[in-house]
Amino acid sequence: MKRYSLSIALVSLFALMGCNKDLLNVEDPNEPTTETFWVTESDAEKGLNAVYSRFYKEGTWMRWLSFRYDLASDEGWSSSPWTELADWTKFNYFNYNFWEGNNVHWEDAYVSIFRANQVLKFVPEIPFADENKKNQVIGQAEFLRALWYFQIAVLWEKGALVLEPVDAGFKPSDASEEQIWAQIETDLKSAIDKLPESWSNADLGRATKGAAKAFLAKSYMQQGKFDLAKVELDWLIEKEGTLYGLMDNYLDNFTHLNENNKESVFEIQFSDENKGGTGNDASMATGFQRTQFYAPDGIGWQDGKARSWLINEYKKEKNTAGDNDERLYYNLFYAGSGADFPSRDALVYGRTWQASWGDQVYIRKYSTTYFRNYEDYFAPNNYRIIRYADILLMYAECILETGGSTTDAAVYVNKVRQRSSVGLTSLQNSIYASSLNSKDAFMKRLQMERTLELCFEGWRWIDLKRWGLLDNAAGIDELKSRDVDFNNFVIGKHNRLPIPQIEVDNSAGQLTQNPQY
């Protein structure tokens, strides 16, 4: 089992706690209260592990959050026979309570926030032998709360801002996008002061100072605060060669091998050792479920596919050896892959290309030979939420947006392009050399460089929002040229999801629905 698996289900851990020996006042050890549980350092660690354990839920990157971010953008789409599921990548939102498309994200985010709130409420009062250790527990909870509020801000642009543990009678009320971003900033700034730069092997995968700085930078960038974002990114850039760097082999970022490597800034620790369900009991699965949903028909559900324009974009430029960009091979399955990469294995999960797949393009990134068929939902490879390559490209954008030159920004883009296994030339010496002639031209090139490096890693939708491409007709027309689903996009409406209607109804009028829904 991988890291932070000390406690997947608190229920099983609560049974380890001692109970009152007074026979006239017997307490059920399986029904702890806040007074009997939040007492020891061990309790604090168990409570924190319960926050991390929410990564092993379907509404997160384990399954449906990747589906939402990857396929709503112009990188992907869905041809799922499950009509309602496919509709949610086409901006056809009819049932606001559609579980897999909407409510599951909301629930998993807010349960995670609730658990983080418990840690932040009770751990400060628990005596620790080492005060630094206590601060690290608190810092991790602050980071995780901010991580989930980041999703709230991006997906719905408003929601309930809950900062204390609440009971079932709680009625959420509206908090604006600005209020949520402000809380994210507060949590991450506090977490940065408490978190270590790195962890020992036993704790790999826990939040670090660099992860908090990276998410704070992303939060600033989504708000257009590029000067503040650049300050946070400066720290990560300065750590290149000591804490962070690019892996020589691009593929090392997506398999179950070489995990938690120098390119990883924050990643979810998945394992296929437990193939249980996705409930809250001790059999809860900890595997990565994406492959099963993206694999071609006859192997998986083929619910998610790639847009073919990505193939054409990769093939516009050869590397210094005269070959196609290897990222095309590692990111996509398609019929012509064997011809484009004659020295590589052209098999798809051990099979030759099937005629029934036609000219479809499937998502290869994060695929694994561990996955075999419909019955096996679980893969062992970790999901890298933020990589150092992303940091470099963010830094280039911040340089550009704070008045820096395109030449200075290109330094960091070139690092990604010239990774040894990718082997492209510098932008200055490429077919895109003219992109350095102006800020606007460079920005458009940077937008494409990000998707070629980071496609199907959950950042494209967030990037499109930041770049304003969802806010005007020109931007939507550009996206329509790559993804016909954007013909359904309504500006000012589909920039965000509808609030789950059941949450609106249960709030007694305090939580309002998003505009135009």
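Quick note: the sequence shown uses numbering that gives the first Met the number 0, first residue 0, plus one each step. In this text, a Cβ means the ideal position worked out from N, Cα and C, and glycines have one as well.
{"Check": "Simplified DSSP state of Tyr243, which is helix, strand or coil", "Outcome": "strand"}
{"Check": "Under the three-state DSSP convention, the category Gly138 falls into", "Outcome": "helix"}
{"Check": "Option nearest Asn200 by Cα separation, candidates Glu258, Lys217, Tyr249 and Leu146", "Outcome": "Glu258"}
{"Check": "Coil, strand or helix - Asp322 by DSSP", "Outcome": "coil"}
{"Check": "C-alpha distance - Leu227 paired with Leu399, whole-angstrom precision", "Outcome": "13 Å"}
{"Check": "Which listed residue (Arg205, Asp302 and Thr207) has its alpha carbon closest to that of Trp76", "Outcome": "Asp302"}
{"Check": "Assigned exposure category for Leu346 - 16 Cβ within 10 Å defines buried", "Outcome": "exposed"}
{"Check": "Three-state class that DSSP yields for Leu143 in the structure shown", "Outcome": "helix"}
{"Check": "Residue of Ile137, Pro126 and Gly357 minimising C-alpha distance to Lys120", "Outcome": "Ile137"}
{"Check": "Top-ranked residue by Cα proximity to Gln150, from Trp466, Arg205, Leu451 and Thr59", "Outcome": "Thr59"}
{"Check": "Simplified DSSP state of Ala378, which is helix, strand or coil", "Outcome": "strand"}
{"Check": "Test item: CB-CB of Ile298 and Tyr348 under 9 Å", "Outcome": "yes"}
{"Check": "Which residues DSSP lists as bridging Tyr361, in chain order", "Outcome": "Phe332"}
{"Check": "Whole-angstrom C-beta distance between Glu231 and Lys208, which should lie under 8 Å", "Outcome": "Not a contact, Cβ separation roughly 10 Å."}
{"Check": "Residue burial classification, Trp37 (beta-carbon count within 10 angstroms, cutoff 16)", "Outcome": "buried"}
{"Check": "Residue span of the alpha helix (DSSP H) that contains Phe441, given as start and end", "Outcome": "Lys438 to Leu453"}
{"Check": "Through-space distance from Tyr293 to Ala416, alpha-carbon basis", "Outcome": "The amino acid at residue 416 is misidentified as Ala; the sequence shows Arg. Going by the C-alpha atoms only, they are around 27 Å apart."}
{"Check": "Stretch pair the segment 308–316 + the segment 259–278: three plus CB contacts closer than 8 Å", "Outcome": "no"}
{"Check": "Test item: CB-CB of Leu469 and Asn487 under 9 Å", "Outcome": "no"}
{"Check": "Rounded distance between the beta-carbons of Pro499 and Trp105, thought under 8 Å", "Outcome": "5 Å"}
{"Check": "Delimiting residues of the alpha helix (DSSP H) encompassing Ile501", "Outcome": "Gln500 to Asn505"}
{"Check": "Pick from Ala85, Asp86 and Tyr387 that is closest to Leu453, judged by C-alpha positions", "Outcome": "Tyr387"}
{"Check": "Beta-carbon proximity of Lys521 to Ala210, cut-off 9 Å", "Outcome": "For the chain, the structure presents residues 0 to 516; residue 521 sits outside this window and is missing."}
{"Check": "Tyr516 versus Asp86 - alpha carbon distance", "Outcome": "16 Å"}
{"Check": "Candidates Gly422, Gly337, Thr319 and Phe287, of which the one nearest Lys364 by Cα", "Outcome": "Phe287"}
{"Check": "Spatial distance of Glu262 from Glu448 (CA atoms)", "Outcome": "18 Å"}
{"Check": "Per DSSP, the bridge partner or partners of Gly541", "Outcome": "Only positions 0 to 516 of the chain appear in this structure, which leaves residue 541 out of reach."}
{"Check": "Same chain, Cβ closer than 6 Å to Ile385, neighbours up to 5 away in sequence not counted", "Outcome": "Ala213, Val264 and Phe265"}
{"Check": "Selection from Asp439, Ala472, Arg444 and Asp482 that minimises the alpha carbon distance to Trp460", "Outcome": "Asp482"}
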